[in-house]
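Here is the structure we will look at, set down as structure tokens.
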Amino acid sequence: MPSILLPNKALQKSPLQGESVQSAVQLASSIQYHHDSIKCDNCDKIANYYILGFHLAKQQPMIVCNALLLTLVQQTSKFFQRHLDMSRTRRLPWMSVLINEMRELGKRIKDESLEVDRLVLLPISDQEEETDITSYSLNEAYGRAIRITLYHCRASLYEDVDLSKSISYYRKCVSVRPSQFESQKLQHAARVALQHLIADYTHDQRPRLPSRTSSVSSGASSSSMSCGNCGIEKRGMPVCSRCKSQSYCSIRCLKAHKPIHECQFVV
């Protein structure tokens with residue numbers, strides 16, 4: 001099996017062609033793997049099966065939201081959490097592919113839903129959380145649980161990288177109407193996270209004095225900046241050529257942080 005399957009080739013090369021999401025979940029769960037802070041064995045194979053599972057789910061004319069698809073999303077979310085620290089020190093080729101698969105699934109489910117999300121105003125208040133879990137169907141209820149899980153996962157991925165995006169996804173997580181399928185704890189956690197992150201974001205947006213010196217040739221300011229990967233502060237660090245704002249102390253840090261940083265360009 002290839003080390004990493006690209007989305008447009010996954011079904012053509014997969015032994016799961018014509019099979020089901022259940023097969024992908026079972027095969028991913030059956031793989032023996034070893035994972036620690038610096039090395040993982042067989043995690044790329046697990047990622048492949050998750051990618052293929054999302055592909056199989058999206059092959060249907062309408063997304064079938066059920067317990068199997070929710071399980072796939074929950075397992076993928078936990079898979080991301082186990083690799084967050086590692087993704088900041090080494091490039092994981094499957095990460096951006098899998099994140100994009102999750103984004104597309106969430107968008108499809110939202111577009112196909114008959115329900116309307118709630119309006120959540122910021123800053124979020126301590127008002128009593130909505131507990132009404134009525135739904136048009138089980139498909140809608142599972143769809144809400146899946147979207148809640150997807151939004152919470154993406155918000156947590158951005159939490160140490162991009163506060164504004166993390167706040168945006170936590171807000172989306174809270175705006176989905178509650179579901180009876182294992183998602184209310186995530187929404188409660190999202191509300192708590194929003195309160196803390198908004199406070200941090202407001203603090204970070206306080207006015208700063210402009211630098212009196214010109215920018216370096218890379219486009220970065222000569223005022224003290226913080227590396228997006230290791231957090232070290234120094235002057236005149238180069239910035240990402242794509243976003244023109246995120247700075248890095250070295251090429252090594254830029255490459256190490258690339259999988260996470262690329263996620264912000266997937267909206």
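Going by the UniProt record's numbering, the sequence shown opens with residue 1, and the numbers climb by one from there.
Even for Gly, the Cβ is constructed at its ideal location relative to N, Cα and C.
Can you give the Cα-Cα distance for residue i and residue j, rounded to whole angstroms?
i: S113; j: I51; result: 23 Å
i: K255; j: L92; result: 11 Å
i: L105; j: C43; result: 22 Å
i: Y169; j: H152; result: 7 Å
i: N139; j: C243; result: 39 Å
i: S245; j: E101; result: 26 Å
i: H188; j: Y248; result: 34 Å
i: E159; j: L119; result: 22 Å
i: K78; j: F181; result: 17 Å
i: R108; j: V239; result: 34 Å
i: S226; j: S250; result: 12 Å
Does the Cβ of residue i have 16 or more other Cβ atoms within 10 Å, making it buried, or fewer, making it exposed?
i: N229; result: buried
i: P178; result: buried
i: K258; result: buried
i: V116; result: exposed
i: R144; result: buried
i: I260; result: buried
i: S137; result: exposed
i: Y33; result: exposed
i: I38; result: exposed
i: K45; result: buried
i: S183; result: buried
i: R171; result: buried
i: D162; result: buried
i: I99; result: buried
Per DSSP, what kind of secondary structure is residue i in: helix, strand or coil?
i: C65; result: coil
i: I41; result: In the sequence as displayed, the identity of residue 41 is Asp instead of Ile. Three-state result, D41: strand.
i: S223; result: With a pLDDT of only 47 at S223, under the threshold of 50, the placement of this residue in the model should not be trusted; the figure read from the coordinates follows. Three-state result, S223: coil.
i: V161; result: coil
i: V116; result: coil
i: S87; result: helix
i: V239; result: strand
i: S29; result: helix
i: S175; result: helix
i: residue 283; result: Residue 283 cannot be examined here, being either before or after the span of the chain that is shown, 1 to 267.
i: S77; result: helix
i: S96; result: helix
i: S247; result: strand
Do the CB positions of residue i and residue j come within less than 8 Å of each other?
i: V73; j: L150; result: yes
i: L84; j: I198; result: no
i: A67; j: Y142; result: yes
i: M95; j: C40; result: no
i: R103; j: H35; result: no
i: V21; j: L56; result: yes
i: V174; j: R191; result: yes
i: I148; j: L69; result: no
i: L194; j: I167; result: yes
i: Q59; j: A28; result: no
Is any beta-carbon of chain C found at less than 8 Å from that of residue i?
i: K165; result: Absent from the structure: chain C. Only one protein chain is present.
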